[in-house]
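Enquirer: Numbered by mature numbering (1 follows the signal peptide of the UniProt record, and there is no 0), the letters in the sequence shown go through residues -22 to -1, 1 to 457 in order.
A virtual CB, placed ideally from N, CA and C, is assigned to each residue, including glycine.
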Amino acid sequence: MSLLRVFFWLTYFIIFDSEITTSSTFKAAVYDKPIIPISYDTKNFSQAILNETLKIYKEKADEARKAGVEILVFPENGLLPVAIRTRESVYPFLEDIPSPSFGENACLMPETSNNYIRRTLSCLARDYSMYIVANVGDKKYCTASDDGCPPDGRFQYNTNIAFDPNGVLVARYHKKNLFGERYFNTPKHTDISFFSTPFGVVGNFICFDVVFQEPAIDLIEKHNIDIVAFPTAWMNVLPFYSAVPFHSSWSYVMGVSFLSSNLRFPPMRFSGSGIYAPDGVKVHRNDDTVFDGKLLVSDVKKGRRNIIYHQKIEFNGFVSSEETFQSQVFGDNYTMSLLPQEESSGTVRVCNNGLCCKIDYENRTKTEKDKFALGVFKGMHFKEGTYYLEMCLLLRCADYNDVSSCGQWTEESSTKFDYLNIQANLTSRYAFPVYVSEGISPSSGDWSYDGYSLISNGAQKPLLTAGFYARCFDLDPEI
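1) So, is residue 518 buried or exposed, given that buried needs 16 or more other C-beta atoms within 10 angstroms?
2) Among 203, 52, 242, which residue has its Cα nearest to the Cα of residue 467?
3) Are residue 353 and residue 334 close, meaning C-beta to C-beta below 9 Å?
4) Find out if the Cβ-Cβ distance for the pair residue 188, residue 202 is shorter than 9 Å.
5) Just to confirm, is the Cβ distance from residue 9 to residue 273 under 9 Å?
6) Could you tell me whether the Cβ atoms of residue 419 and residue 399 are closer together than 9 Å?
7) Helix or strand or just coil, what does DSSP make of residue 446?
8) Does any residue of chain B bring its CB to less than 9 Å from the CB of residue 323?
9) Taking Cβ to Cβ, would you say residue 269 is nearer than 9 Å to residue 253?
10) Can you give me the Cβ contacts of residue 338 inside the same chain, cut-off strictly under 7 Å, excluding the 5 residues immediately before and after it?
11) Would you give the residue range spanned by the beta strand (DSSP E) that residue 304 belongs to?
12) For residue 182 versus residue 146, is the C-beta distance shorter than 9 Å?
13) For residue 111, count neighbouring C-beta atoms within 10 Å of its own C-beta (all shown protein chains included) and say buried if the count is 16 or more, exposed if not.
14) Extract the residue ranges of the beta strand (DSSP E) inside the segment 89 to 138, only unbroken runs of 3 or more that lie entirely within it.
15) Could you pull the start and end residues of the beta strand (DSSP E) that residue 409 belongs to?
16) When you compare each of 433, 423, 437, 367 to residue 455 by their alpha carbons, which one comes out closest?
17) Kindly list the residues whose CB is nearer than 7 Å to the CB of residue 440, restricted to its own chain and excluding five residues on each side of it in sequence; keep chain order.
18) Between the C-alpha atoms of residue 437 and residue 396, what's the straight-line distance to the nearest angstrom?
19) State the DSSP-derived secondary structure class of residue 32, mapped to helix, strand or coil.
20) Is the Cβ-Cβ distance between residue 240 and residue 249 less than 9 Å?
21) What are the start and end residues of the alpha helix (DSSP H) that includes residue 263?
22) Quick one: Cα of residue 50 to Cα of residue 357, how far?
23) Looking at the structure shown, is residue 227 part of a helix, part of a strand, or coil, going by DSSP?
24) Measuring alpha carbon to alpha carbon, tell me which residue in 127, 172, 102, 132 is nearest residue 143.
25) For residue 423 versus residue 186, is the C-beta spacing smaller than 9 Å?
26) May I have the straight-line CA-CA distance separating residue 246 from residue 292, to the nearest angstrom?
27) Please report the straight-line C-alpha distance between residue 450 and residue 56, rounded to a whole angstrom.
28) In the DSSP assignment, find the unbroken beta strand (DSSP E) run with residue 66 in it and report its ends.
29) Going by Cα to Cα distance, which pick from 97, 448, 162 is closest to residue 139?
Spelled out as structure tokens, the structure:
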């Protein structure tokens, strides 16, 4: 080879490498995974499910690599059958996963009965040269002398694991905040799990964890992560716990990229995967009429921005509008006031338990189909979990003729607001905007939040819900 040709190739590789390292974005993917029905009559049931699912994971890793993906996230319970209900039935899907401190590279080890899952995932990461985050199950054997050892002699944990592009195990996280899941144990101590990559520091947690301070908020405030890898099995609950609007709002407020991989099974309300960033929704999939899986891929800007903390607001001499009523929203008793039907613009105020909420609105579409109420709640929430909330929500009532339906599940609306400004004197600084349009679609371009007000100008889609979801972590019960 001539010296000129050598010089050419050296120059090419230097420039090419420089372009990679100086890129302002990275490419991420999440798998929106359907639940695969496999008969319990299948011989070697657990192995059949694992073989089929890991085959699909390989196909998605191959697809991701062809798209230039650098990090791929798979969903919570992605390797488990939907009917898992007992410790015994989940046991065949568990492995004894070592600490990342050992630097295990399972792809370079012989396959055994205890490493089939992570060896397969390790080899996917290595073969396709990408970071892979997957949700699995960990088992740790114990004896009666060990504190809290279960009667069956083992701890079982809902677990995330992550591999680097060489196949090395770089992270292991045991889910802290279980959502039911009686077949898993709660770890004694909260894991803080993150790893460094050329495109930023990646933290990870699982599903219901996003509602709590540990580990979700702590990862950002104390460990300065840039990216959240979020395997989830999220069941949508309106008016405010729908996956795409909730997770995109969390990303917006916390200032980090959020890679959410969800299961897909609309009859059980499992849907809504996406890639979110502080500057908006990059890609999402929320159609609950389809059952097939799909790989979602997007370029994401590197880095993070500062958290948007809610600022203290004083409402001096503030009183509720003339008439208020009570209505249930996801198990909580809200104080509400209706927006006057005859007025297309106006101001409505409502207070309860020291929490006050105000909405200014202009040019509301007049319709005989829709009725809206402004509601507030401050207190301990007990339905499907116990935690303290401060809520201020503008809600479309499910039944025009029944105010007790204000806060019930509804996905239809024909009302648009040219302008909305919602404020609340929240005591918590952890407030997440709620903005849900008809079709439960992401609407980050329709609103803004500066720490004081949720403002919407010229929304393109009819509104279902808007307001604030705030968490008072210091008032949560001790676990």
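Expert: By the coordinates alone:
1) No information on residue 518 is available, as it lies outside the stretch -22 to 457 that the chain covers here.
2) Outside the modelled stretch of the chain, which goes from -22 to 457, sits residue 467, for which no answer is possible.
3) no
4) no
5) yes
6) no
7) strand
8) Absence of chain B from the displayed structure is noted, only one protein chain being present.
9) No; because the gap between Cβ atoms is not below 9 Å, this pair is not in contact.
10) 325, 399
11) 303 to 307
12) no
13) buried
14) 109 to 119
15) 409 to 415
16) 367
17) Once the five neighbours on either side are set aside, the close Cβ partners of residue 440 are 391, 392, 393, 394, 415, 416.
18) 6 Å
19) helix
20) yes
21) It is not in any alpha helix (DSSP H) - residue 263 instead sits in the beta strand (DSSP E) that spans 258 to 263.
22) Residue 50 and residue 357 have their C-alpha atoms spaced approximately 38 Å apart.
23) helix
24) Nearest neighbour of residue 143 by Cα position, chosen from 127, 172, 102, 132, turns out to be 102.
25) no
26) Using only the alpha carbons, I get a separation of about 42 Å.
27) Looking at the two C-alpha atoms, the distance is approximately 32 Å.
28) That residue, residue 66, is in no beta strand (DSSP E); its alpha helix (DSSP H) goes 65 to 68.
29) 97
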